[in-house]
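Asker: Would you mind keeping the following structure in view while I ask a few things?
Residue numbers (the numbering used here): 393 to 639.
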């Protein structure tokens, strides 16, 4: 039986190195070699026997893995940190150490992270053009009112020329503080914290509850679970619908 051939960009993406779109950019830039020769042909078909290098790194397809992870506070979402801060990879088991996060949570935030070695999945989920709703439960100092919520929905300039939007509702008042449910369709750095700071209501705690159809159900802090094939297919169908809506 002959080995099945696949497009070069798919081969690179299946290694978890990057998405197919990014692989195309690397191929066009002359950073990909196949069997020792620089290749710039996007549609090139290759077999598992071919030797592929990207920027000098040998690329090998691997089994694609997807997990849900309940991030605890005190860890940043990155593989390496030049400042020597603790990262989620300091506490994740070795079997999932090579998975990359789909989006991030800052050091003091908790809740849902999705990690995978599927570059296409990361791109389809995290690309700015794909408006995946992300739901958060936030405790903020002081008592917010409907005017605050309206300002968040209309947009707040959190950096020069950078407008952040959020849909929020008040769940309850807890003493002098407000418990909110906030839905984001953007992915700006520390977006919720910056918006609430500008409104005069600092964040006390922030937890991400869900990203699209994926949530924290059945997870305890610091725990992860593999996303099963049936659920993964449901997620991919969900993302396809969102992508169609953006055409």
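Quick reminder that beta carbons are idealized off the backbone N, C-alpha and C, glycines included.
1. Tell me which same chain residues have a C-beta within less than 7 Å of the C-beta of residue 435, skipping the five on either side of it?
2. At the level of alpha carbons, what is the spacing between residue 539 and residue 496?
3. How big is the Cα-Cα spacing for residue 409 and residue 564?
4. Would you verify that the beta carbon of residue 602 is, or is not, closer than 9 Å to some beta carbon of chain C?
5. Where does the unbroken alpha helix (DSSP H) through residue 514 begin, and where does it stop?
6. Could you check which residue in 606, 462, 612 has the C-alpha nearest to that of residue 620?
7. Could you give the residue range of the alpha helix (DSSP H) that holds residue 405?
8. Can the beta-carbon of residue 468 be found less than 9 Å from the beta-carbon of residue 530?
9. Strictly by DSSP, which residues pair up with residue 531?
10. Could you spell out the range, first to last residue, of the alpha helix (DSSP H) harbouring residue 457?
11. Could you spell out the range, first to last residue, of the beta strand (DSSP E) harbouring residue 545?
12. For residue 397, which residues in the same chain have their Cβ closer than 7 Å to its Cβ, ignoring the five residues on either side in sequence?
13. Check residue 417 in the structure and name its three-state DSSP category.
14. Name the residue from 462, 441, 630 whose alpha carbon lies nearest to the alpha carbon of residue 484.
15. Check whether the Cβ atoms of residue 515 and residue 411 sit closer than 9 Å, and answer yes or no.
16. Quick one: what's got a C-beta closer than 7 Å to residue 405's C-beta in the same chain, skipping five residues either side?
17. Residue 425 lies in the beta strand (DSSP E); which residues open and close that run?
18. Is the beta carbon of residue 556 less than 9 Å from the beta carbon of residue 583?
19. Output the residue ranges of the beta strand (DSSP E) runs that lie fully inside the segment 465-509 and measure 3 residues or longer, sorted by chain position.
20. Ignore the nearest five residues each way along the sequence and tell me which others in residue 617's own chain have a CB closer than 7 Å to its CB.
21. What number of angstroms, rounded off, separates the C-alpha of residue 508 from the C-alpha of residue 456?
22. Measure the Cβ-Cβ separation of residue 533 and residue 596 and say whether it is below 9 Å.
23. State the Cα-Cα distance for the pair residue 442 and residue 417, rounded to the nearest angstrom.
24. Alpha carbon to alpha carbon, how far is residue 601 from residue 431?
25. Please report the Cβ distance between residue 599 and residue 503, rounded to the nearest whole angstrom; I am assuming they are in contact, meaning their Cβ atoms lie under 8 Å.
26. Return the chain-ordered list of same chain residues with a C-beta closer than 7 Å to the C-beta of residue 464, the five sequence neighbours on each side being excluded.
Answerer: Once the coordinates are examined:
1. Cβ neighbours of residue 435 beyond the five flanking positions: 399.
2. When the Cα atoms are used, residue 539 and residue 496 turn out to be separated by approximately 29 Å.
3. Each residue's alpha carbon lies about 44 Å from the other.
4. The chain labelled as chain C is not found in the depicted structure, where only one protein chain is given.
5. Residue 514 -> alpha helix (DSSP H) spans 511-518.
6. Minimum Cα-Cα distance from residue 620 among the listed residues 606, 462, 612 corresponds to 606.
7. Residues 400-405.
8. Note that the C-beta distance between residue 468 and residue 530 is not below 9 Å.
9. As a beta-bridge residue in DSSP terms, residue 531 pairs with 571, 597.
10. Counting along the chain, residue 457 falls outside any alpha helix (DSSP H), and DSSP gives it neither H nor E.
11. Residue 545 -> not in any beta strand (DSSP E); alpha helix (DSSP H) instead, spanning 538-546.
12. Same-chain partners within the cutoff: 437, 438, 439.
13. Residue 417 falls in the helix class under three-state DSSP.
14. Proximity to residue 484 across 462, 441, 630 peaks at 462, based on C-alpha coordinates.
15. Taking 9 Å as the cut-off, the beta carbon of residue 515 is found closer than this to the beta carbon of residue 411.
16. Cβ neighbours of residue 405 beyond the five flanking positions: 411, 412, 415, 511, 512.
17. Counting along the chain, the beta strand (DSSP E) containing residue 425 begins and ends at 424-426.
18. For the pair residue 556 and residue 583, the CB atoms are nearer than the 9 Å cut-off.
19. DSSP runs (the beta strand (DSSP E)) wholly in the segment 465-509: 502-508.
20. Hits under 7 Å: 459, 460, 610, 611.
21. Taking the straight line joining both Cα atoms gives about 7 Å.
22. Yes, they are a contact pair.
23. One Cα belongs to residue 442, the other to residue 417, and the distance between them is close to 20 Å.
24. Rounded to the nearest whole angstrom, the CA to CA distance from residue 601 to residue 431 is 44 Å.
25. Contact flag correct, Cβ pair sits at about 4 Å.
26. 502, 613, 614.
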